[in-house]
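Enquirer:
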Amino acid sequence: MIRIPAKVLIVDDEKDFVEMFSLRLKETGEKVFTAHSGQECLEKLAQERIDVVVLDIKMPGMDGVETLKEIKKRYPIVEVILLTGHGAIETAVEGMKLGAYDYLLKPADATEMAKKLEGARKRKDEHEERIRMAEQKSLLRRGGNI
Ligand SMILES: [Mg+2]
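Position 59 of the sequence shown, counted from 1, bears residue number 300 in this note's numbering, the numbering being contiguous throughout.
1. Of the choices G270, R265, Q280, I330, whose alpha-carbon is the least far from that of K310?
2. Can you give me the start and stop residues for the alpha helix (DSSP H) that I312 sits inside?
3. From A276 to E359, what does the alpha carbon distance come to, in whole angstroms?
4. If contacts are defined as beta-carbon pairs under 8 Å, then I318 and V294 qualify, I think. What distance do you get, rounded to the angstrom?
5. Report whether the distance from the Cβ of D343 to the nearest heavy atom of ligand 1 is below 6 Å.
6. Is there contact here, the stretch 282-292 with the stretch 336-350, by at least three beta-carbon pairs under 8 Å?
7. Looking at C-alpha atoms only, which residue of Y342, S379, Q377, V252 is the closest neighbour of I298?
8. Going along the chain, which residues of its own chain have a beta-carbon closer than 6 Å to the beta-carbon of D343, five neighbours each way excluded?
9. With a Cβ-Cβ cutoff of 7 Å, do L250 and F274 count as a contact?
10. Would you list, in sequence order, the uninterrupted alpha helix (DSSP H) runs of no fewer than 4 residues that lie entirely inside the stretch 328-378?
11. Tell me the rounded alpha-carbon separation between L324 and R373.
12. Examine ligand 1 and report whether any of its heavy atoms sits within less than 6 Å of the Cβ of K314.
13. Of all the CB atoms in chain C, is at least one closer than 7 Å to the CB of L283?
14. According to DSSP, simplified to helix, strand and coil, what is V273?
15. Mark A329 as exposed unless 16 or more other C-beta atoms lie within 10 angstroms of its C-beta, in which case mark it buried.
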């Protein structure tokens, strides 16, 4: 079966981390986009139909939690995985309560990352499928009423 690559947006102010992370993800066959700030993240989301955002919590200016809130307001179906350090797990928990799918501890382990990305992507696919089915049902019902 052909696997359609996920469109993943990596957002982190640490450029080296973004570069390393995107190389690893490209190796696994995903389509990777990058941003280095919350603002840039929102710009990329407006341009591309992204499936999963991997979002650093600690960024200057608009931080990860603020960015997450804005993502969920504008694109509620896009899944978000938060990147955090050992000292900030409670912020990740707060983020998950705001709609983030999960979090990854930095430096992110490749296997763990792949597993969580797959889960986030699956959740988005299933969500979209349920929306499509509901849309079809509403169209059928409308048709029946004529
Ligand atoms: Mg950072």
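Using N, Cα and C, we set each Cβ at its ideal position, and we do this for glycine too.
All figures in this text were calculated on a predicted structure; none of them were measured in a lab.
Expert: Reading it off the structure:
1. Minimum Cα-Cα distance from K310 among the listed residues G270, R265, Q280, I330 corresponds to Q280.
2. Here the alpha helix (DSSP H) through I312 covers 305-315.
3. Each residue's alpha carbon lies about 21 Å from the other.
4. About 12 Å separates the two Cβ atoms, so there is no contact after all.
5. No, Cβ of D343 sits at least 6 Å from all heavy atoms of ligand 1.
6. Segments in contact, no.
7. Out of Y342, S379, Q377, V252, V252 has the C-alpha closest to the C-alpha of I298.
8. Excluding residues within five positions, the ones whose Cβ falls inside 6 Å are I322, K357.
9. Yes, they are a contact pair.
10. Taking only runs of at least 4 residues, the alpha helix (DSSP H) segments lying wholly in the stretch 328-378 are 330-338.
11. L324 and R373: Cα-Cα distance of roughly 31 Å.
12. The answer is no for K314.
13. Of the protein chains in the structure, only one exists, and it is not chain C.
14. Three-state DSSP puts V273 in a strand.
15. For A329, the number of other beta carbons within 10 angstroms of its own is at least 16, and it is reported as buried.
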